[in-house]
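What follows is a single structure, written as structure tokens, with notes after it.
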Amino acid sequence: MLNINMPGIFMFVLGGVVAGIGLWLRVPDVFVMLAIGAALVLADLIWRARSFGSAGWLTNRAFGGSLSILPMWAVGLIVLTINAVRMLA
Numbered sequence: 391m392l393n394i395n396m397p398g399i400f401m402f403v404l405g406g407v408v409a410g411i412g413l414w415l416r417v418p419d420v421f422v423m424l425a426i427g428a429a430l431v432l433a434d435l436i437w438r439a440r441s442f443g444s445a446g447w448l449t450n451r452a453f454g455g456s457l458s459i460l461p462m463w464a465v466g467l468i469v470l471t472i473n474a475v476r477m478l479a
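Each position in the sequence shown, counted from 1, maps to that position plus 390 in this note's numbering.
Put into structure tokens, the structure is as follows:
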């Protein structure tokens with residue numbers, strides 16, 4: 391079952407806005423996906439920075455966005471990695 395919290399929903403919407411802007415500007419897909427990954431990483435790390443120093447601030451779903459067991463910054467890193475490899479291939 392998909393388990394997502396409100397900050398995670400906000401970050402998905404942010405990714406959709408970035409994608410919409412990229413499509414509107416006719417930016418190549420690989421660059422749009424890189425921008426989406428960067429937006430997810432930055433949004434989640436900024437959100438989690440409010441709890442810096444607390445135990446589990448980087449991975450606990452109570453401190454930021456998450457998708458099932460993955461924090462949103464990890465989802466963003468996966469998107470960035472896949473598309474960076476795709477761009478270099």
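Glycine included, C-beta positions come from ideal geometry on N, C-alpha and C.
Bear in mind that the values here come from a model prediction, so they are computed numbers and not experimental data.
Spatial distance of residue i from residue j (CA atoms)
i           : j           : result
residue 452 : residue 471 : 26 Å
residue 436 : residue 399 : 15 Å
residue 423 : residue 455 : 19 Å
residue 446 : residue 425 : 27 Å
residue 418 : residue 439 : 32 Å
residue 395 : residue 458 : 9 Å
residue 401 : residue 429 : 8 Å
residue 433 : residue 442 : 15 Å
residue 467 : residue 411 : 21 Å
residue 475 : residue 469 : 10 Å
residue 478 : residue 431 : 21 Å
Neighbourhood of residue i by C-beta, 7 Å cutoff - its chain only, sequence neighbours within 5 removed
i           : result
residue 409 : 422 and 426
residue 449 : 461
residue 404 : 429 and 433
residue 397 : 437, 454 and 455
Residues sharing a beta bridge with residue i, DSSP
i           : result
residue 424 : Residue 424 is not bridged to any residue.
residue 456 : 461
Cβ neighbours of residue i in the same chain (closer than 6 Å, five flanking residues each side left out)
i           : result
residue 406 : none
Opening and closing residue of the alpha helix (DSSP H) in which residue i lies
i           : result
residue 400 : 396-414
Same chain, Cβ closer than 8 Å to residue i, neighbours up to 5 away in sequence not counted
i           : result
residue 473 : 420, 423, 424 and 427
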